[in-house]
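> Residue numbers (our numbering): 14 to 124. All C-beta atoms, glycine included, are put in the ideal place defined by N, C-alpha and C. Below is one structure. I have some questions about it.
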């Protein structure tokens, strides 16, 4: 599946360990969202900006996406940086919803 195909999907309810992605499956999907890394049952990416106004604008865009998809990341930010962390609590790890949101963020950034 390509990043564009992932970005065109929407989040769906994910429950149970069978929905958790790991190993080769997760590694394959991560190749479609450059810069996103897997660690400790989540995926994350750091973004750099030139100023705080850009940071706040980006955070607001991610918040709107998260609300629309009902899949909310942890967002940490400072003057010129943002870290986005996705995990799916109901599967205790990474699910397709996390990758869909990562791909949608990448599509948003390149638009």
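Which of the three DSSP states is assigned to residue 106 in this structure?
What you label residue 106 is simply residue 93 of the chain shown in a count that begins at 1. Residue state, collapsed to three classes: strand.
> Does residue 63 come out as helix, strand or coil in the three-state DSSP assignment?
Start at 1 with the first residue of the chain shown, and residue 63 comes out as number 50. The answer is coil: DSSP assigns residue 63 none of H, G, I, E or B.
> To the nearest angstrom, how far is it from the Cα of residue 72 to the Cα of residue 91?
Counting from one through the chain shown, the residue named residue 72 turns up at place 59. Counting from one through the chain shown, the residue named residue 91 turns up at place 78. Whole-angstrom Cα-Cα distance: 11 Å.
> From residue 118 to residue 105, what distance separates their C-alpha atoms?
Position 105 of the chain shown, counting from 1, holds the residue named residue 118. Position 92 of the chain shown, counting from 1, holds the residue named residue 105. Roughly 22 Å separates the two Cα atoms.
> Decide yes or no for the touch test of the segment 83 to 102 against the segment 48 to 65: beta carbon pairs closer than 8 Å, at least 3 of them.
yes
> Look up residue 14 in the DSSP assignment and say whether it is helix, strand or coil.
The sequence position of residue 14 within the chain shown is 1, counting from 1. Under the three-state reduction of DSSP, residue 14 is assigned to coil, being neither helix nor strand.
> DSSP puts residue 99 in a beta bridge; with which residues?
Within the chain shown, residue 99 is the residue found at index 86, counting from 1. Answer by DSSP bridge pairing, in chain order: 56.
> Would you say residue 19 and residue 78 are within 8 Å of each other, going by their C-beta atoms?
For the purposes of this step, residue 19 is taken as the residue at position 6 of the chain shown. For the purposes of this step, residue 78 is taken as the residue at position 65 of the chain shown. Not in contact: residue 19 and residue 78 (Cβ atoms no closer than 8 Å).
> Please confirm if the segment 61 to 68 is in contact with the segment 26 to 42, defined as three or more CB-CB distances below 8 Å between the two stretches.
no
> Are the beta-carbon atoms belonging to residue 45 and residue 124 less than 8 Å from one another?
Against the chain shown, residue 45 aligns to sequence position 32. Against the chain shown, residue 124 aligns to sequence position 111. Result no, Cβ atoms of residue 45 and residue 124 do not sit closer than 8 Å.
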